[in-house]
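These notes concern the structure reproduced below.
Residue numbers (my numbering): 198 to 622.
Next up, the structure:
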């Protein structure tokens, strides 16, 4: 049965963007099964929706590959202050609610974060009986509560919204077992909770991709690459601590590259300059294809987070998956799931969170041993192909989405004709 599906993801990007593209891959997989898929998103900094032309009435739309994209003129960036981010989240929820409740869709996929994406899905369920799949990409409000700095009334409101989303969703897709546990703790039916983790894009990353190295990198340098958000949750000051230790040891074989943007990037740049960390280079966000070339030209991939025990089982990191797909050893400072993955290869080295000396030791060991890098990199690519192929995980996601719509079909048939959803045009 062909379905009309609305996929809500405020931070959506097509492959030309500099941010992860899980929602694009899932939308393409659903469309390949014959479903009519519409993705609704905002203007996410670093993303590239594939659309051009002017906005009309605050939106523009068109086809991107097999699916349709509606892009609302609502800018968002990771460096925005909390108040501006909140306004952007609520504006998107309001615009998306009108689309979700239009009666044109058989299923809504609400991909969080932000958690406010659940609001239009809940509204469509209440007004039209439209079932929704709730995708938990980051556990909110658990994650902001662990990091601190969010006002208690905001956390309380997020708690109520997360409870409603988990209890009323036809299906829940969590990106890790730890995220699935948060849904169960909020009252989700265990039979409706599924884990579909982030996977490896074996086309964009891998040994077949031509290498590229930025101009500051010398031919003899081992490049250790961190590519992602420069925010409080990423704990990148520990990486600068490690860089300072490596400089003090006289280690000249290694250069650290930080690729991306975020609220803490200005402070990181200022600190690196003030301390004269010549072994650290900062790059602006790169389109995913260029990031694939950079990882091919580099030697080590970095997966780093702040020292927060809650992260151990909640995460499903793209940075780790990109490193495995590229066939590069991964240095992670996270215990739990990430550490188990690299130790199973062994495809990298796990160090304790917040331990700059251990991080420096791991980087120095890899810089000094090319044969070890080759062995771990080959194990990483084997893991990527055997366990984490994004295409296979997308098929699992499609199965869950189709069951969500099928289970809700009898209930929807009882809705008066005015509430029945027609096919998307």
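Glycine is no exception: its CB is placed at the ideal position from the N, C-alpha and C atoms.
Here the structure is a predicted model, which is why all the values come from computation and not from measurement.
What's the C-alpha gap between residue i and residue j?
i, j, result
"residue 475", "residue 447", "12 Å"
"residue 541", "residue 228", "34 Å"
"residue 369", "residue 463", "37 Å"
"residue 557", "residue 507", "24 Å"
"residue 355", "residue 344", "15 Å"
"residue 560", "residue 358", "42 Å"
"residue 424", "residue 415", "19 Å"
"residue 461", "residue 431", "9 Å"
"residue 400", "residue 271", "31 Å"
"residue 279", "residue 198", "43 Å"
"residue 520", "residue 406", "13 Å"
"residue 484", "residue 257", "22 Å"
"residue 287", "residue 538", "37 Å"
"residue 197", "residue 366", "The shown model of the chain, from 198 to 622, leaves out residue 197, and the question about it has no answer."
"residue 449", "residue 418", "8 Å"
"residue 705", "residue 301", "This structure does not reach residue 705, given that the chain is present from 198 up to 622, and the question cannot be answered."
"residue 231", "residue 316", "27 Å"
"residue 481", "residue 597", "37 Å"
"residue 339", "residue 530", "20 Å"
"residue 413", "residue 479", "10 Å"
"residue 311", "residue 295", "18 Å"
"residue 428", "residue 255", "29 Å"
"residue 385", "residue 248", "37 Å"
"residue 360", "residue 387", "14 Å"
"residue 233", "residue 566", "51 Å"
"residue 515", "residue 473", "30 Å"
Between which residues of its own chain and residue i is the CB-CB distance below 7 Å, once the five residues before and five after are set aside?
i, result
"residue 426", "275, 457, 459"
"residue 175", "In this structure the chain extends from 198 to 622, so residue 175 is not present and cannot be described."
"residue 376", "333, 336, 511"
"residue 380", "333, 363, 369, 371, 390"
"residue 600", "368"
"residue 438", "553"
"residue 518", "395, 396, 397, 585"
"residue 262", "225"
"residue 252", "270"
Please work out which residues of its chain come closer than 6 Å, Cβ to Cβ, to residue i, disregarding the five sequence neighbours upstream and downstream, and give them in chain order.
i, result
"residue 305", "203, 297, 318, 321, 327, 329"
"residue 603", "none"
"residue 477", "440, 453, 469"
"residue 292", "269"
"residue 493", "406, 408"
"residue 303", "200, 201, 602, 618"
"residue 324", "298"
"residue 605", "328, 367"
"residue 378", "none"
"residue 341", "347"
"residue 505", "343"
Would you say residue i and residue j are within 9 Å of each other, going by their C-beta atoms?
i, j, result
"residue 226", "residue 244", "no"
"residue 522", "residue 577", "yes"
"residue 550", "residue 499", "no"
"residue 332", "residue 309", "yes"
"residue 237", "residue 206", "yes"
"residue 488", "residue 402", "yes"
"residue 411", "residue 491", "yes"
"residue 571", "residue 547", "no"
"residue 451", "residue 564", "yes"
"residue 486", "residue 224", "no"
"residue 420", "residue 524", "no"
"residue 266", "residue 211", "yes"
"residue 222", "residue 398", "yes"
"residue 239", "residue 285", "yes"
"residue 526", "residue 573", "yes"
"residue 218", "residue 396", "no"
"residue 273", "residue 282", "yes"
"residue 209", "residue 246", "yes"
"residue 422", "residue 351", "no"
"residue 434", "residue 465", "yes"
"residue 314", "residue 290", "yes"
Could you name the residues that DSSP lists as bridge partners for residue i?
i, result
"residue 475", "Answer is none; residue 475 lacks a bridge partner."
"residue 652", "As shown, the chain starts at 198 and ends at 622. That puts residue 652 outside it, with no answer to give."
"residue 586", "397"
"residue 597", "DSSP output for residue 597 lists no bridge partner at all."
"residue 329", "305"
"residue 246", "None; residue 246 has no bridge partner."
Excluding the five sequence neighbours on either side, which residues of its own chain have a C-beta within less than 8 Å of the C-beta of residue i, listed in chain order?
i, result
"residue 442", "553, 554, 557"
"residue 592", "226"
"residue 562", "546, 569"
"residue 589", "396"
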